[in-house]
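Colleague: Note that the sequence shown covers residues 1 to 219 in this note's numbering. Note that beta-carbon positions come from the ideal geometry of N, C-alpha and C, so glycine has one too. This one's a predicted model, so the numbers in the text were calculated from it and none came from an experiment.
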Amino acid sequence: MRKIMLDAGMLLMQNGIIPSVSDVAEAAQVSRATAYRYFATQASLIQAAVDEALGPILAWKSESQDPEERVTQLVTFAYPRMEFYEATLKAALRLALDQWARKHAGTLGDEAPMVRGHRIALLNSAVAPLKGILNRQGFDRLTQALSLIFGTEAFVVLKDIWGLDRKRAQEVALWTCHALIQAALAEESTGKARAGTARRNGARSGSALLKKGSRVKIK
Numbered sequence: 001m002r003k004i005m006l007d008a009g010m011l012l013m014q015n016g017i018i019p020s021v022s023d024v025a026e027a028a029q030v031s032r033a034t035a036y037r038y039f040a041t042q043a044s045l046i047q048a049a050v051d052e053a054l055g056p057i058l059a060w061k062s063e064s065q066d067p068e069e070r071v072t073q074l075v076t077f078a079y080p081r082m083e084f085y086e087a088t089l090k091a092a093l094r095l096a097l098d099q100w101a102r103k104h105a106g107t108l109g110d111e112a113p114m115v116r117g118h119r120i121a122l123l124n125s126a127v128a129p130l131k132g133i134l135n136r137q138g139f140d141r142l143t144q145a146l147s148l149i150f151g152t153e154a155f156v157v158l159k160d161i162w163g164l165d166r167k168r169a170q171e172v173a174l175w176t177c178h179a180l181i182q183a184a185l186a187e188e189s190t191g192k193a194r195a196g197t198a199r200r201n202g203a204r205s206g207s208a209l210l211k212k213g214s215r216v217k218i219k
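1) Can you tell me whether Val75 is helix, strand or coil according to DSSP?
2) Once you ignore the five residues that flank Gln47 on each side, which residues in its own chain have a CB closer than 7 Å to its CB?
3) Taking Cβ to Cβ, would you say Val50 is nearer than 8 Å to Phe39?
4) From the DSSP output, in three-state form, read off Arg136 for me.
5) Who are the near neighbours of Ile120 in its chain, counting only those whose CB is closer than 8 Å to its CB and skipping five residues on each side?
6) How far does the alpha helix (DSSP H) with Asn124 in it reach, from first residue to last?
7) My parser needs the alpha helix (DSSP H) runs of 4 or more residues fully inside the region 145-201; what are they?
8) Out of Ala173, Thr152 and Leu11, state which residue places its alpha-carbon closest to the alpha-carbon of Ala92.
9) Does DSSP put Ile18 in a helix, a strand or coil?
10) Let me check understanding here. Comparing Cα to Cα, which of His118, Arg166, Ala173 and Arg141 lies closest to Ala59?
11) Should Met82 go down as buried or exposed, given a rule of 16 or more other Cβ atoms within 10 Å for buried?
12) Please identify the residue among Tyr79, Glu63 and Asp66 whose C-alpha is closest to the C-alpha of Ile57.
13) What is the DSSP secondary structure of Glu111, counted as helix, strand or coil?
14) Determine the DSSP secondary structure at Lys90, reduced to helix, strand or coil.
15) Check for me: the alpha helix (DSSP H) holding Thr34 runs from which residue to which?
16) Are Ala53 and Thr88 close, meaning C-beta to C-beta below 8 Å?
17) CB-CB under 8 Å to Gln170, same chain, minus the five flanking residues each way: which ones, in chain order?
18) Just the Cα atoms here: how many angstroms apart are Glu68 and Thr107?
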């Protein structure tokens, strides 16, 4: 029964509707009481639809130890499915934005908020080989930057604003991912080189001070 209602809800979302639990009950031809037993709130319904749409993506894994190759695998695997369920994902985004507006207007009440953030675990996994190379701050900054071009919001920018098709949007996303990884590695390398230079300069300064001190005569 849950699957029947979920399929009905996803079909409504694919048609541009953000369905309420009552809408899904009507579409699935079940009673509202039955629908609410499975989905207590609209947010839980939309969340379940998103999880269903992203299912295979959320289970993504890679055997590669090359972070650029891993990110390429993730993006090329995820983007086609994200496009197929684009309407569902955008319905979730619309609900999240609506909840944000009502929260700041003080009218959200006790409605459960949409839980978003699947991309965090996925991107952390994609660049996991860099954990032993980048420092914690650099690693976090990289995954945060990558999140800007992986997700529904990236589709809004690349497809809706720029008018790119999925293939071209994917190419831009991959170019950006590779550039960000290379920039993070270059920054880490530069930081280590500077730290090494500072240590050497400090050692030379300390040595010079010791030599100078040894030449001072106590009267």
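Modeller: The structure says:
1) helix
2) Met114 and Val115
3) no
4) helix
5) Thr143 and Ser147
6) His118 to Ala126
7) 152-155
8) Thr152
9) coil
10) His118
11) buried
12) Tyr79
13) coil
14) helix
15) Arg32 to Tyr38
16) yes
17) Val75, Thr76 and Tyr79
18) 44 Å
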